[in-house]
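In what follows, a single structure is set out as structure tokens and then discussed.
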Amino acid sequence: MESEQSSQPKKSRRVWKQHDEDALLSILEEATCIVGYLDKLFLIETNLQLYIL
7 MESEQSSQPK
17 KSRRVWKQHD
27 EDALLSILEE
37 ATCIVGYLDK
47 LFLIETNLQL
57 YIL
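Below you can see the structure in the form of structure tokens.
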């Protein structure tokens, strides 16, 4: 009976760990998109500055 109780939190931790990994992956994907947009904006700004000069 004691072993059943000790295995219960491990299962719960495993579920939360998977949930946390999924959330972190989602954040990483969004951050990658944001970095891509910032890179494009930087190129546009650079081109505008060259055009103005």
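So that you can map any letter, position 18 of the sequence shown is 24 in this note's numbering, and since no number is skipped, the others follow by simple counting.
All C-beta atoms in this analysis are idealised placements derived from N, C-alpha and C, irrespective of residue type, glycine included.
Q: Check L54 in the structure and name its three-state DSSP category.
A: helix
Q) If you draw a straight line from the C-alpha of E35 to the C-alpha of A29, how long is it? A) 10 Å
Q.
To the nearest angstrom, how far is the alpha carbon of K23 from that of L47?
A. 36 Å
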